[in-house]
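Asks:
In the numbering used here, the protein residues as written are 477 to 572.
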């Protein structure tokens with residue numbers, strides 16, 4: 477979905493991708509939305525909270541009717557999913 481394409485994918489494929497991303501995000505959001513206990517991580521907590529809110533809004537609206545706009549929205553969700561997966565798998569930092 478993130479690879480360059482010559483043509484906009486058909487609606488059926490975009491719908492399939494949305495269902496996959498929705499499932500992945502449904503699993504990731506509760507994991508990353510848990511606030512950190514470390515006050516130094518408060519900035520990242522705010523960023524994650526904003527992303528979670530954005531994802532809920534986008535998934536609530538669904539894809540735009542315009543094929544190209546829908547494809548761009550899917551790419552944004554895929555990048556967010558990749559970022560959240562990295563955040564969820566990133567081990568906590570150790571303080572010296």
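Where is the CB? At the ideal position from N, CA and C, for every residue including glycine.
At which residues does the alpha helix (DSSP H) containing residue 563 begin and terminate?
Replies: Taking the chain shown and counting its residues from 1, the one referred to as residue 563 is at position 87. First-last of the alpha helix (DSSP H) with residue 563: 543-565.
Asks: Under DSSP, the alpha helix (DSSP H) around residue 511 begins and ends at which residues?
Replies: Within the chain shown, residue 511 is the residue found at index 35, counting from 1. Where residue 511 is concerned, there is no enclosing alpha helix (DSSP H), given that its DSSP letter is neither H nor E.
Asks: Once DSSP output is grouped into helix, strand and coil, what is the label at residue 572?
Replies: Within the chain shown, the letter at position 96 stands for residue 572. With a pLDDT of only 48 at residue 572, under 50, the local geometry of the prediction cannot be trusted, and no value is derived from it.
Asks: Helix, strand or coil for residue 523 per DSSP?
Replies: Position 47 of the chain shown, counting from 1, holds the residue named residue 523. Residue state, collapsed to three classes: helix.
Asks: Please determine, among 507, 524, 566 and 546, the residue with the shortest C-alpha to C-alpha distance to residue 488.
Replies: As a working mapping, residue 488 is identified with position 12 in the chain shown. Of the listed residues, the one whose Cα sits closest to residue 488 is 546.
Asks: What number of angstroms, rounded off, separates the C-alpha of residue 566 from the C-alpha of residue 519?
Replies: Looking up residue 566 in the chain shown gives position 90. Looking up residue 519 in the chain shown gives position 43. For residue 566 and residue 519, the distance between alpha carbons rounds to 16 Å.
Asks: Take residue 525 as the anchor and find which of 558, 555, 552 and 511 has the nearest alpha-carbon.
Replies: The count along the chain shown starts at 1 and reaches residue 525 at position 49. For residue 525, the nearest C-alpha among the options comes from 511.
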